[in-house]
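Here the structure is laid out as structure tokens; the discussion comes afterwards.
Number of protein chains: 2
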Amino acid sequence: MSDFRLDPRLERDTLVLGDLALCRVLMMNDARYPWLILVPRRPDLTELIDLIPADQESLFREIVEVSAALRAVHNPDKLNIGALGNIVRQLHVHIVGRFASDPAWPGPVWGHSPAHPYPAHMAGIARDRLIAALDPYGLRDGTT
Amino acid sequence: MSDFRLDPRLERDTLVLGDLALCRVLMMNDARYPWLILVPRRPDLTELIDLIPADQESLFREIVEVSAALRAVHNPDKLNIGALGNIVRQLHVHIVGRFASDPAWPGPVWGHSPAHPYPAHMAGIARDRLIAALDPYGLRDGTT
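Chains as they are written, first to last, in the numbering used here: chain A, 2 to 145; chain B, 2 to 145.
This is the structure:
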């Protein structure tokens, strides 16, 4: 069993918000959607149902917490939650705020089109608002 | 508050497997994928985070149960789990067995292409195997 290490594609495509009890919380670097990703900090995991039951409970609780924080900040028309992993096998759960005016609506965001990264001066603002909304759930700096 | 009633598009596009404690369990009538859908039997619900906490716990447990049953029957290369609801607003959760050889791979099945309904002589077989696999989780006839 190896230590947890974030998949390099997730690392490249996202900004880190911090860690909850189980998961690293990432923000997809795509300015078109408020899009968070939860990655359980457990090595060698692909399927949600292969987490031990206590970790499944933590993951579900964190899905609810992150959904609530995203909704509080962005008030989307719809939340989309998905665990696919057909390309990046490391277990990760997407939580995306969707708007009837977004480019992929009403289809899924996954596989729709390449990301539009945040301009450097905007990424920090988007990130900081979500970090503040996750503070009540115990988000902490995930860099250590 | 009205009683639970299945969305007519879900009713049209699926076959009923039965009811678990919280959810109606449906099989998408698309012979290309083993594809189950969980619908909490609660009226007027769109977002998972708007379920009361006890129902959230039931839903998560049933997601794990249905995922395990689907994997036991079909042994897919990957499970895809998704709650979108951009078109059909009634809260429902997809659990799809994906194969590297399926037509949508590695993209999502949602929005990929119109369903290929089961031939009448095959739907019953597909349905019965899944019903048997869900029996240990208390699946019961959902028509009453």
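All C-beta atoms in this analysis are idealised placements derived from N, C-alpha and C, irrespective of residue type, glycine included. These figures come from a predicted structure and were not determined experimentally.
Where does HIS95 of chain A fall in DSSP's three states? strand
Cα separation between ARG17 of chain A and VAL67 of chain A? Before going on, a small fix: residue 17 of chain A reads as Val here, not Arg. So the two alpha carbons sit approximately 14 Å from each other.
Using a threshold of 9 Å, state whether the C-beta atoms of GLU63 of chain B and LEU39 of chain B are closer than that. yes
Have a look at ASP142 of chain A and CYS24 of chain A and give me their C-alpha separation to the nearest angstrom. 12 Å
Spatial neighbours of ASN97 of chain A in its chain, beta-carbon cut-off 6 Å, leaving aside the 5 residues before and after: First, the residue type needs correcting, since residue 97 of chain A is Val and not Asn in the sequence shown. For VAL97 of chain A, where only same-chain residues beyond five positions count, the Cβ hits under 6 Å are TYR34, TRP36, ASN81, VAL110.
Would you say GLY98 of chain A lies against chain D (beta-carbon separation less than 9 Å)? Protein chains in the displayed structure are A and B, and chain D is not among them.
Three or more C-beta pairs under 8 Å: does that hold for the stretch 76-90 of chain B against the stretch 118-128 of chain B? no
If you drop the 5 nearest sequence neighbours on each side, which residues of the same chain put their C-beta closer than 7 Å to that of PHE5 of chain B? ARG42, ARG43, PRO44
Check whether the Cβ atoms of ALA124 of chain A and ASN30 of chain A lie closer than 9 Å to each other. yes
Selection from B:LEU60, B:ILE88, B:GLY83 that minimises the alpha carbon distance to PRO9 of chain B: B:ILE88
Give the C-beta separation of LEU71 of chain A and LEU60 of chain A to the nearest angstrom, bearing in mind that I take them to be a contact with Cβ-Cβ under 8 Å. Rounded, the Cβ-Cβ distance is 16 Å, inconsistent with contact.
Where LEU49 of chain B sits in the DSSP three-state scheme: helix
Cβ closer than 8 Å: which chain B residues qualify as neighbours of ASN30 of chain A? Here the premise fails: no neighbours, minimum Cβ distance about 20 Å.
ILE88 of chain B versus chain A: which residues are under 7 Å apart at the beta carbon? PRO107
Is DSSP giving PRO120 of chain A helix, strand or coil here? coil
In the DSSP assignment, find the beta strand (DSSP E) that holds ALA105 of chain B and state where it starts and stops. It is not in any beta strand (DSSP E) - ALA105 of chain B carries neither H nor E in the DSSP assignment.
DSSP-derived helix/strand/coil call for LEU85 of chain B: coil
Rounded C-alpha distance that separates LEU27 of chain B from LEU131 of chain B: 10 Å
Cβ shell of GLU12 of chain A (< 6 Å), same chain only, five flanking positions each side left out: none
Take the Cβ of ARG99 of chain B as the centre, count every other Cβ of all protein chains shown within 10 Å, and call the residue buried at 16 or more, exposed below. buried
Can you tell me where the alpha helix (DSSP H) with PRO54 of chain A in it begins and where it stops? 54-75
With distances taken from CA atoms, which of A:LEU7, A:LEU21, A:ASP14, A:THR15 is nearest ASP136 of chain A? A:LEU21
Are the CB atoms of PRO104 of chain B and HIS93 of chain B nearer to each other than 9 Å? no
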